[in-house]
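Mapping of the first sequence onto the working numbering: residues 907 to 1016, in sequence order. Notes follow once the structure below has been shown.
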Amino acid sequence: MSNLSSINKADISDFEKRVYLALLKVPKGQVVTYGALAKLAGFPGAARAVGSAMNKNPFAPSVACHRVVRSDGSVGEFAYGTKRKIAMLRKEGVRIEKERITDFKEIKIA
DNA sequence: CTATTGACGACAT
DNA sequence: CATGTCGCCAATA
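As structure tokens, then:
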């Protein structure tokens, strides 16, 4: 099952589908803010709602929900623990220091 | 339909 | 830099 087909078939809201699909575009080693992702998904301003969607995340490893961070540079929450989230991001090459993205200003996607 | 809830965000203190 | 407040949005009760 490819990620894309499972998502499209999944019994979830259109909002969530778009968010998950948009997140698939974010390459490894790069991060997006909840707000930016919301915008990419076509729901500008729905940063908080995106967070809720990530929390549900029915496609755990497939959808890289750990690449979504806060606009202030902090990594934000994670269903399996912030600690875990940071570890995964570092493994992908994202530089983090004290729960904060070091060169966040340069990393953040439009 | 209204009220509550949260992996957020901008700003003030 | 660390909190607190208030606003925001879609999901859910």
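All residues carry an ideal CB built from backbone N, CA and C; glycine is no exception.
With 16 other Cβ atoms within 10 Å as the buried cut-off, status of Asp-928: Note that residue 928 is Ala in the sequence shown, not Asp. Buried: at least 16 other Cβ atoms inside 10 Å.
- prompt: What does a CB cutoff of less than 7 angstroms around Ile-913 pick up in its chain, not counting 5 residues either side in sequence?
  reply: Excluding the 5 residues flanking it on each side, Ile-913 has same chain C-beta neighbours closer than 7 angstroms at Lys-923, Tyr-926, Leu-927 and Phe-965, in chain order.
- request: Decide yes or no for the touch test of the stretch 947-954 against the stretch 988-1004: beta carbon pairs closer than 8 angstroms, at least 3 of them.
  value: The stretch 947-954 is not in contact with the stretch 988-1004.
message: Between which residues of its own chain and Ile-1013 is the CB-CB distance below 8 angstroms, once the five residues before and five after are set aside?
response: The beta carbon of Ile-1013 is closer than 8 angstroms to those of Gln-936, Val-937, Val-1000 and Ile-1007 in its chain, skipping five residues each way along the sequence.
message: I believe Val-1010 touches Gly-979 by the beta-carbon criterion, under 8 angstroms. Please report the beta-carbon distance rounded to the nearest angstrom.
response: Checking the displayed sequence, the identity of residue 1010 turns out to be Phe instead of Val. That pair is a contact at about 4 angstroms.
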